[in-house]
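Undergrad: Sharing a structure below in structure tokens format, with a few things to ask.
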Amino acid sequence: MQENVVSQPHLIGSQPYRVGFLLIDNFTLAALASTIEPLRMANQLTSTELYTWQLLSRDGETVKASDGLTISPDGSIADKKVFDIVIVVGGVDITRSYTSREVSWLQQQAQKKVLLGAVCTGAYVLASGGLLDGYHCSAHWECLASLQERFPRVNCTNQLYTLDRDRMTCTGGNVPMDMMLSMIARQHGKALTNAICDMFVCDRVRPDNELQRTPLRRLLTSAQPKLAEVTELMEANIEEPIELEELASFVGISRRQLERLFLRHLNCTPSRYYLKLRLDRARQLLKQTTCSIIEVASMCGFVSAPHFSRCYRKYIGISPKEERAEVWSLKQLEPPGSGEVASIPTSSYIALQLAQREPSCGAVNFMSASVPAVQRLAASG
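To convert, take the position in the sequence shown, counting from 1, and add 202; that gives the numbering used here.
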């Protein structure tokens, strides 16, 4: 790793690292908290201000999080404050939640050699300004494909988080804490990081090269490794699907054995499972990119747009055209109940309405047929 603010050690008592958190509309509170808390605890345990931080928004006004709650920032990007580290905190509906003003400001920070980071979907904002071109970048598995398609110069990886020179990015969930702890270890030593872990009842800091797993793959890896290998091959070959005989031969079993494994543990045929993976990827691309329906069909291994549309409608319930239209003209949800009190939108109502644009919205209902089989697999493992 090249010398930069990530790895340069600071002496206790020297000037603190100045960290700015750029809050994007609809950001996730969990990502923000997971990023700030390690810094707070580092200061607490050393009784020294090793880090200072400020929350920023586009205009200094309050910012609404993805759960409907609002945060009052410390200032705006126009305040000309000086930072050593700037971290973009993204959330849901990221492609419509930032403007050229944030991107331009981040480009200015890059010119000043500020370390730029991103948590949750914040990588979209950095990438849109060309600030991740030629860098390795981690992103949540749900948006990894669409990010790579939209920004081909970015080297997207399936790692939990990535520290690459003067950039650091991570997937989601509680991974920002691992990324920040790794940064603190580089800057102030592992003894401090271990003490922070003790305070947070965290048994270890996951390394940056650890791969993220989808929930299903986690079960398969321990209970049915051959099935896990096949599903991983399927996920890696969406644009040009592999024939079932070839998939079976890769893991040293026959096609009939492969079909029995899928029916027993996933309650569906390999062909249907593969189709579902391709349709899931298509749904992500329809919701998270501006690729045409024909382009999406090709990216997901369908021979033609009409064939893609038929499969999409059959398994998801609406056509790709209707899916795309819903994204760009989101229908208002009817607030529950009636009367004066019910007419006031609640935070949960606002969050659910916003979530309609996410690929995972309604996914549990869509996958409900395979839930019993997955539960049986977990029990047998």
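Note that beta-carbon positions come from the ideal geometry of N, C-alpha and C, so glycine has one too.
Assuming the contact rule is C-beta atoms closer than 8 Å, Leu365 and Pro240 should be a hit. Round their C-beta distance to whole Å, please.
TA: Going by Cβ atoms, the distance from Leu365 to Pro240 rounds to 14 Å, so no, they are not a contact pair.
Undergrad: Taking Ser384 as part of the alpha helix (DSSP H), name the residues at either end of that continuous run.
TA: Val377 to His390
Undergrad: Exposed or buried, Arg303, counting other C-beta atoms within 10 Å across all chains shown (16 or more means buried)?
TA: exposed
Undergrad: Please classify His390 as buried or exposed, where buried requires at least 16 neighbouring CB atoms within 10 angstroms.
TA: buried
Undergrad: Between the alpha carbons of Leu349 and Leu488, how many angstroms are there, rounded?
TA: Leu349 and Leu488: Cα-Cα distance of roughly 12 Å.
Undergrad: Can you give the beta carbon distance from Ile279 to Arg260, rounded, assuming they're within the 8 Å contact cut?
TA: 6 Å
Undergrad: Is the CB-CB distance between Val294 and Trp255 below 7 Å?
TA: no
Undergrad: Could you check the C-alpha separation between Tyr219 and Gln426 for me, to the nearest Å?
TA: Here the C-alpha atom of Tyr219 lies approximately 47 Å from the C-alpha atom of Gln426.
Undergrad: Would you say Leu334 lies against chain B (beta-carbon separation less than 7 Å)?
TA: Structure shown: chain B not included; a single protein chain is present.
Undergrad: Using the Cα positions of Ser330 and Leu463, report the straight-line distance between them to the nearest angstrom.
TA: 43 Å
Undergrad: How many angstroms separate the CA atom of Ala397 from the CA atom of Ser249?
TA: 13 Å
Undergrad: So what does DSSP say about Asn439, is it helix, strand or coil?
TA: coil
Undergrad: Are the Cβ atoms of Val327 and Val290 separated by less than 7 Å?
TA: Val327 places its beta carbon less than 7 Å from that of Val290.
Undergrad: Nearest to Gly332 by alpha carbon, out of Val356, Thr323, Ala341 and His338?
TA: The candidate whose alpha carbon is nearest that of Gly332 is Val356.
Undergrad: Got a sec, what are the start and stop residues for the beta strand (DSSP E) Ser259 sits in?
TA: Tyr253 to Ser259
Undergrad: What are the boundary residues of the beta strand (DSSP E) that includes Asn156?
TA: This structure does not reach residue 156, given that the chain is present from 203 up to 583, and the question cannot be answered.
Undergrad: Check whether the region 439 to 454 and the region 392 to 410 are in contact - that is, three or more C-beta pairs closer than 8 Å.
TA: no
Undergrad: Whole angstroms is fine: what's the gap from Asn245's alpha carbon to Glu251's?
TA: 5 Å
Undergrad: Just mark Asp380 as buried or exposed, buried being the case when its beta carbon has 16 or more other beta carbons within 10 Å.
TA: buried
Undergrad: Between which two residues does the alpha helix (DSSP H) carrying Ser587 extend?
TA: Given a span of 203 to 583 for the chain in the structure shown, any question on residue 587 remains unanswerable.
Undergrad: On the premise that Val288 lies in contact with Leu318, defined as a C-beta separation below 8 Å, what is that separation, rounded to the nearest angstrom?
TA: Sure, about 6 Å apart at Cβ, within 8 Å.
Undergrad: By the three-class DSSP mapping on this structure, what secondary structure does Ser511 have?
TA: In the three-state reduction of the DSSP assignment, Ser511 falls in the helix class, which pools H, G and I.
Undergrad: Assuming contact is defined by CB atoms lying nearer than 7 Å, are Cys502 and Ile440 in contact in what I supplied?
TA: yes
Undergrad: Would you call the CB atoms of Trp343 and Gln459 closer than 7 Å?
TA: no
Undergrad: Tell me which residue opens and which closes the beta strand (DSSP E) that Ser340 is part of.
TA: It spans His338 to Ser340 - the beta strand (DSSP E) in which Ser340 sits, taken as one unbroken run.
Undergrad: Here's the rule: buried if 16 or more other CB atoms are within 10 angstroms of the residue's CB, otherwise exposed. What is Glu525?
TA: buried
Undergrad: From the DSSP output, in three-state form, read off Asp482 for me.
TA: helix
Undergrad: Output needed for Gln311: all residues of its chain with C-beta closer than 6 Å, excluding positions within five of it in sequence on either side, in chain order.
TA: Scanning its chain for C-beta atoms nearer than 6 Å, with the 5 sequence neighbours on each side dropped, one finds around Gln311 the residues Val288, in chain order.
Undergrad: If you draw a straight line from the C-alpha of Thr297 to the C-alpha of Leu224, how long is it?
TA: 16 Å
Undergrad: Can you name, in chain order, every residue of its own chain whose Cβ lies under 7 Å from the Cβ of Gly454, other than the five neighbours on each side?
TA: none
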